[in-house]
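See below for the structure under consideration.
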């Protein structure tokens, strides 16, 4: 199948539109139109500063949309990805009461209710069915808020997008909520090849029953749009006929879907106006604005987003995705676009596109992209304007400086771990691990245009959390770059005493009296296996603790040992590292205090996808592969006296070969099966008990 020539650009615009809408509507979520007009007035731009909140926060709309799509990759892109497989995806990436969902209680929150059903063994789609949970719970808004990504990987394939959205939505919802999700996904898919809103709505209606209430609602709003020619009049009609007073529970699909249809009908060609209408109208503003923003972004492209105010500057491509895969949490719109475009090519039967700039994590190849890089406003900092520009046929990050002088410097950095302002977020927990680690090599390719006034001193910088929860700058060696020159900086990151690296970037200075010009960053990347020892640092710092995905009941910071975890009933993990980790060695002396089993996990890809070397209550040592509901014992040996003594674990993974030496006993196995796991971080594993260790060392595999 042939993909649209502008497929990548429209995916990027759709992702940006989703983020802009969610972060715009988040601060006043749940407000009525009347309250918004009284306290804020028409919503024309971001208002987060009025609430003393960061712009980019954890939010279920973003986390769910860009997490659940990973089921496609996890199940090898089946053409008939099922609701049951989607349910397994939930169980792998969601951590109870901590990530992705609104944890509003059983029978209150639709998603929480469905999650509990899945945990009890009720498979999807029964987990979200009306027959299981009742009509009210099953027809809340959550079905449609996570579905944009299915359309983004199925451009011009509205029936496929609708089917994927249906199966995904059915994990937690049913009835009219699922119809709304299908309709919107079909519209977004068709928007890649058609930008006429009435045609898009017709395509959306073609995938749902004509007698459904969603179809009736759409017909009413189309008619009111023609009759009223004023969105506020139509909004009042929606409130009168489909308002919250007519639909029970917290956040019903019908009223909110109606506002989305109204917004896109009144502003099909104006991104800002569509956002103004859908946000000013109230109710579930972040959800509604996110869906509308994604559709508008696909329809109008980057030019449509850029036609109004500067939406992209404050956003800077940033997003936070809280899930059990902590290396996916600190993210950006370009990385997500690359991921979705790759899936879209595979679904279309095409090879994945070649990784840009040899696979650099920051390649800036999409127009206007900055991938989270921002000027660092610190002491003695000269101002720098951060942009994206074309140079020699390639898009690059551009640092414009005008008053750089001796005694001043300028740094631009991007987040690689949980930002300090996490303490100001009052929404969802952020489960995250750092993206980059000691032992890895950080590199940046730089260009100084020939019209620069003088040479620059350039060096790599990284910022590490200290004992007081503050980011402190560290630097590589400085090199000089003259006008017209290019160079590649490289830095082997040293040990950070257990502290996470929070930001990376580039710092510039000059020996000239004053320097004006630009520095272009063509790409920034890191490679190699980590080399570090994880342990509790000195002082009162807690970001080392935040650097673990917490999937247990208790992960204490206050025991003498660095790591002590406890799980009350079933299995749990704390997880560290990323999917970039593939071949490595991990060592630790672990004490099992109680429980059915415990040990050291590796190549961890979530709560239900990992390998582990574990010691069991009944005197066994096992290497296991866990994949959803299946636990396969790959190797086994006897091991007695497993409790209340340090047991040494030394594990190496290299390709398909796993070698584990535990308490002096070595097990070696080759896992060449289709279900083998080839990458992922490390973790501590416990089942119905407690476990501790003081240090974990990670290095290149032997």
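In full-length UniProt numbering, the protein residues as written are 1 to 702.
We put the CB at the ideal spot given by N, CA and C, even for glycine.
Please read all numbers here as calculations on a predicted model, not as lab measurements.
Contact check for residue 21 and residue 293: beta-carbon distance about 3 Å, within the 8 Å limit, so the pair qualifies. Judged by beta-carbon spacing, residue 155 lies within the 8 Å limit of residue 7, meaning their Cβ atoms are closer than that value. In the displayed model, residue 633 falls within a strand according to three-state DSSP. Beyond the five residues adjoining it in sequence on each side, residue 117 comes within less than 8 Å, by CB distance, of 126, 127, 128, 132, 133 in the same chain, given in chain order. Distances from the CA of residue 29 to each of 44, 547, 282, 196 were compared; the closest alpha carbon is that of 282. In the displayed model, residue 193 falls within coil according to three-state DSSP, outside both helix and strand. If you draw a straight line from the Cα of residue 9 to the Cα of residue 370, it is about 15 Å long. Classified as exposed, residue 678 has fewer than 16 neighbouring CB atoms from the shown chains inside 10 Å of its CB. Excluding sequence positions up to five before and after residue 540, its CB lies within less than 8 Å of the CB of 467, 468, 469, all in the same chain and listed in chain order. Its Cα nearest to that of residue 258, the residue 214 stands out among 405, 83, 214.
Classified as buried, residue 192 has 16 or more neighbouring CB atoms from the shown chains inside 10 Å of its CB. For residue 301, the secondary structure class from DSSP, reduced to helix, strand or coil, is helix. Counting only residues of its own chain and dropping the five nearest sequence neighbours on each side, residue 366 has a CB closer than 6 Å to the CB of 12, 334. Straight through space, the alpha carbons of residue 518 and residue 65 are spaced by roughly 37 Å. Assigned with DSSP and collapsed to three states, residue 45 falls in coil, not helix or strand. Under the rule that a run must span 4 or more residues, the alpha helix (DSSP H) segments found entirely inside the segment 543-597 read 543-546. The secondary-structure analysis by DSSP pairs residue 461 across a beta bridge with 475, 505. Closest by C-alpha distance to residue 388, out of 396, 19, 604, is 396. Rounded to the nearest whole angstrom, the CA to CA distance from residue 241 to residue 140 is 17 Å.
Ranking 177, 692, 121 by CA distance to the CA of residue 136 puts 177 first. In the DSSP assignment, residue 469 falls outside any alpha helix (DSSP H) and carries neither an H nor an E. One alpha carbon belongs to residue 296, the other to residue 480, and they sit about 45 Å apart. In the DSSP secondary-structure assignment, residue 389 is bridged to 396. The Cβ atoms of residue 143 and residue 169 sit closer than 8 Å to each other. The alpha-carbon separation between residue 644 and residue 689 amounts to approximately 12 Å. Counting only the Cα atoms, residue 669 lies some 47 Å from residue 315. Along the segment 597-676, the beta strand (DSSP E) occurs as fully enclosed runs of 3 or more residues at 597-604, 609-616, 620-627, 630-638, 647-654, 657-662, 665-670, listed in sequence order. At least 8 Å separates the beta-carbon of residue 606 from that of residue 432. Counting of Cβ neighbours within 10 angstroms places residue 328 among the buried residues, the total reaching 16 or more.
Where residue 408 is concerned, there is no enclosing beta strand (DSSP E), because DSSP gives it neither an H nor an E.
Nearest to residue 594 by alpha-carbon distance, out of 600, 588, 602, 568, is 568. Contact between the segment 393-413 and the segment 370-385 is present, with at least three C-beta pairs closer than 8 Å. Per the Cβ contact rule, the segment 57-71 is in contact with the segment 91-100 (3 or more Cβ pairs under 8 Å). With fewer than three CB-CB distances shorter than 8 Å, the segment 196-206 does not count as touching the segment 243-253.
The residue from 636, 664, 676, 639 with its alpha-carbon nearest to that of residue 655 is 676. CA-to-CA, the gap between residue 338 and residue 531 works out to about 28 Å.
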